[in-house]
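Participant: In our numbering, each residue carries its 1-based index in the sequence shown increased by 293.
One structure, as structure tokens, below. Some questions next.
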Amino acid sequence: MTESVSVLFVCLGNICRSPTAEGVFRQVVEQAGLADRIRIDSCGTGHWHVGKTPDARAQQAASQRGVDISQLRARQFQESDLVDFDRVLVMDKQNLSDTLRVWERVGGAKPELFLSYGRSGHDEVPDPYYGGDQGFEVVLDLINEASEGLLAKLRESLR
Ligand code: 4NP
294 MTESVSVLFV
304 CLGNICRSPT
314 AEGVFRQVVE
324 QAGLADRIRI
334 DSCGTGHWHV
344 GKTPDARAQQ
354 AASQRGVDIS
364 QLRARQFQES
374 DLVDFDRVLV
384 MDKQNLSDTL
394 RVWERVGGAK
404 PELFLSYGRS
414 GHDEVPDPYY
424 GGDQGFEVVL
434 DLINEASEGL
444 LAKLRESLR
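And the structure:
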């Protein structure tokens, strides 16, 4: 049992999938009345987009579902994230191996595939960056579904 819990979403660029997960999950948490007990952030394993706003297509797709991610800015994953956050949820297996390599050295929160909390049968959120707009809808569907499962899990420790 704990007063509060922190969650970090990780992808490659921190401009498509993980900021979408941050925005969607924040909305789910706010609707559950738990905003003051769950801290949420996102980052990318890569450095290319540091300081940038989310991809325009990600902003548009999220906005159509009532989620505003326009204020988010990309940052890079760092070792201390594994100590600063209780749960580290990654979008794909490449993110997982990249962050697990750090975890093996520094310990802390062991990175997990975000979709392990969903029931879609998928284990990765596909990278939509080089595809069309439909890819961003798939990302939102998968993230929505896993967010419900993640919240249910966090509620167990918050009770
Ligand atoms: P994300 O998508 O990891 O979901 O933010 C990507 C964004 C940018 C790049 C790759 C994936 N990129 O190669 O620049």
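C-beta atoms are modelled at their ideal positions from N, C-alpha and C, and glycine is treated no differently.
1) Between the alpha carbons of residue 326 and residue 320, how many angstroms are there, rounded?
2) Out of 330, 392 and 308, point me to the one whose CA is closest to residue 452's CA.
3) Mind checking who residue 301 pairs with in its DSSP beta bridge?
4) Using only the heavy atoms of the ligand 4NP, determine whether one of them is closer than 7 Å to the beta carbon of residue 342.
5) Using only the alpha-carbon positions, how far apart do residue 437 and residue 398 sit?
6) With distance defined between alpha-carbon atoms, name the residue in 366, 367 and 381 nearest to residue 373.
7) Does the count of Cβ pairs from the stretch 427–435 and the stretch 350–363 closer than 8 Å reach three?
8) Buried or exposed for residue 337, going by 16 or more other Cβ atoms inside 10 Å?
9) Taking 7 Å as the cut-off, is the CB of residue 410 close to at least one heavy atom of the ligand 4NP?
10) Would you mind listing the beta strand (DSSP E) stretches within the stretch 378–452 that are 3+ residues and don't spill past its ends, in chain order?
11) How many angstroms separate the CA atom of residue 435 from the CA atom of residue 344?
12) Which first and last residues belong to the alpha helix (DSSP H) in which residue 321 is found?
13) Is it buried or exposed, residue 366, if we count other Cβ atoms within 10 angstroms and call 16 or more buried?
14) Count the other C-beta atoms from every protein chain shown that fall within 10 angstroms of the C-beta of residue 360, then say buried if there are 16 or more, exposed otherwise.
15) With residue 335 and residue 315 assumed to form a contact (beta carbons below 8 Å), what rounded beta-carbon distance in angstroms separates them?
16) Alpha carbon to alpha carbon, how far is residue 423 from residue 303? Give it in angstroms, no decimals.
17) Compute the Euclidean distance between the alpha carbons of residue 318 and residue 420, then round it to the nearest angstrom.
Facilitator: In this structure, then:
1) 10 Å
2) 330
3) Per DSSP, 334 and 381.
4) yes
5) 32 Å
6) 381
7) yes
8) buried
9) no
10) 380–383
11) 26 Å
12) 310–324
13) exposed
14) When all chains shown are included, residue 360 counts as buried.
15) Contact between residue 335 and residue 315 holds: CB atoms are separated by about 4 Å, below the 8 Å threshold.
16) 18 Å
17) C-alpha separation (whole angstroms): 18 Å.
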